[in-house]
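Participant:
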Amino acid sequence: MEMQKLVLAVLIVAATAASFASAASSLVTFVFGDSLTEVGNNKYLQYSLARSDYPWYGIDYSAQKLGVASPPPYLSLSKNDDALLKGVNYASGGAGILNETGLYFIQRLSFDDQIDCFRKTKEAIKAKMGDVAANKLCNKALYFVGIGSNDYVNNFLQPFLADGQQYTHDEFVEFLISTLDQQLTRLYQLGARKIVFHGLGPLGCIPSQRVKSKTGQCLKRVNEWVLEFNSKVQNLLITMNNRFPNARLTFADSYPHVLDLITNPTAYGFKVSNTSCCNVDTQLGGLCLPNSKVCKNRREYVFWDAFHPSDAANAVLAQKFFTTLFSNPPSIPPQPSP
Ligand SMILES: *[C@@H]1O[C@H](CO)[C@@H](O)[C@H](O)[C@H]1NC(C)=O
Ligand SMILES: *[C@@H]1O[C@H](CO)[C@@H](O)[C@H](O)[C@H]1NC(C)=O
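Numbering (mature numbering (1 follows the signal peptide of the UniProt record, and there is no 0)), first residue to last: -23 to -1, 1 to 315.
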């Protein structure tokens, strides 16, 4: 069974923003993130508990609208693999902006680790093509970053972890943003120029958070925190665009789109948005394991497990990004899905 490829379609589609015009066939993408974008790195981490190489995961994965292949997991490639030249996915389930996020998964590649892997990728590319061509390749490539959900779900919102006790939310969000500033700056220094940052969805409405409410409602406070994070990230990106003249950092705002699916499921052909298809709504665990009972019609559920959207939901989100980001005539026509 293939690995989890939950929202890569959404990310890939965001890449098609007209402002990022470049020949689709030669488009190189580097993907950083968590389980929402992982395509298999954690399978290579022997002790990782954040895994998705189970039956069921990937069962409905299909769409790739950009017309380039989804880049392979970094850990599946050899050190000097030619595939490195065509783009790499560094995303790792359980990862966060902070090192300590997701620590109970034992092993995962934190965002810092992922940037370090990219540094090694760049060294390998330099060895193959020389410095000038390597720099050019890295400058032209598209970088997708979708990270931060675990800093809430698997850190700040877990009462038994230190960060939730040590910081107020105001302090915590400042810590996240100042760390992210350093991390994106480092990516820039390594050659990244076109970066799409995917904002957080309404985490207060994911099944693992709803179960904390007696009535199964969205946790309003959590959603307010997420909105604060998203807004501060947007400000950070504006600052960075001013600070780095050749950089183009863009914010892909997932929150309103995901919330729309949750509040108006029937408008998109869904029936259920308050519980998961796999019926594993718990705060820890919450993954669809091989012995879980999957819902009859996966197309009717917005959520697949306690944390992640279903691929049916991802397809709707991908379409939404596709349309909004193509509101200006693109220089590359969108490729039809195979
Ligand atoms: C994570 O750990 C590394 C190595 O100890 C350190 O250099 C880095 O600053 C830490 N990053 C964060 C976000 O805490
Ligand atoms: C989900 O919503 C339906 C319809 O409003 C309701 O009957 C059901 O109890 C809710 N389920 C949970 C787990 O909150």
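Idealized CB from N, CA, C, for every residue including glycine.
Note that the coordinates shown come from a computational prediction; the quantities given were computed from them, not determined experimentally.
For residue 76, collect the residues of the same chain with a Cβ closer than 8 Å to its Cβ; drop the 5 residues on either side in sequence, then sort them by chain order.
Facilitator: Cβ neighbours of residue 76 beyond the five flanking positions: 87 and 89.
Participant: Beta-carbon within less than 7 Å of residue 223's beta-carbon, same chain only, minus the 5 sequence neighbours each way: which residues are those?
Facilitator: Answer for residue 223: 170, listed in chain order.
Participant: Do we get a CB-CB distance below 8 Å when we pair residue 79 with the residues of chain C?
Facilitator: Although the question refers to chain C, the structure presented lacks it and comprises just one protein chain.
Participant: When you compare the CB positions of residue 177 and residue 250, do they come within less than 8 Å of one another, or not?
Facilitator: Their beta carbons are not under 8 Å apart, which means residue 177 does not touch residue 250 by this criterion.
Participant: Out of 44, 47, 65 and 45, which one is the CA nearest neighbour of residue 54?
Facilitator: The shortest Cα separation from residue 54 among 44, 47, 65 and 45 belongs to 65.
Participant: Consult DSSP for residue 298 and reduce its assignment to one of helix, strand or coil.
Facilitator: Note: residue 298 maps to helix in three-state DSSP.
Participant: At a threshold of 7 Å, does residue 76 count as lining ligand 1 (C-beta to nearest heavy atom)?
Facilitator: Residue 76: yes, Cβ under 7 Å from ligand 1.
Participant: For residue 150, report the span of its beta strand (DSSP E) as first-last.
Facilitator: Run containing residue 150: none in the beta strand (DSSP E); it sits in the alpha helix (DSSP H), 146 to 166.
Participant: Return yes when the Cβ of residue 263 is within less than 8 Å of the Cβ of residue 237, no when it is not.
Facilitator: Going by C-beta atoms, residue 237 is not nearer than 8 Å to residue 263.
Participant: Roughly how many angstroms lie between the CA atoms of residue 104 and residue 67, to the nearest whole one?
Facilitator: Cα to Cα, residue 104 sits roughly 20 Å from residue 67.
Participant: To the nearest whole angstrom, what separates the beta carbons of residue 255 and residue 271, a pair I think is in contact under 8 Å?
Facilitator: About 6 Å; that satisfies the 8 Å criterion.
Participant: Using the Cα positions of residue 285 and residue 73, report the straight-line distance between them to the nearest angstrom.
Facilitator: Between residue 285 and residue 73, the C-alpha separation is close to 16 Å.
Participant: Measuring from the CB of residue 251, is there a heavy atom of ligand 2 at a distance below 7 Å?
Facilitator: Checking the Cβ of residue 251 against ligand 2 gives yes.
Participant: Quick check: is any heavy atom of ligand 1 less than 7 Å from the C-beta of residue 89?
Facilitator: True, at least one ligand heavy atom lies under 7 Å from that Cβ.
Participant: Less than 8 Å separating the beta-carbons of residue 10 and residue 124?
Facilitator: Contact: yes.
Participant: Buried or exposed for residue 137, going by 16 or more other Cβ atoms inside 10 Å?
Facilitator: By the neighbour-count rule (16 or more Cβ atoms within 10 Å), residue 137 is not buried but exposed.
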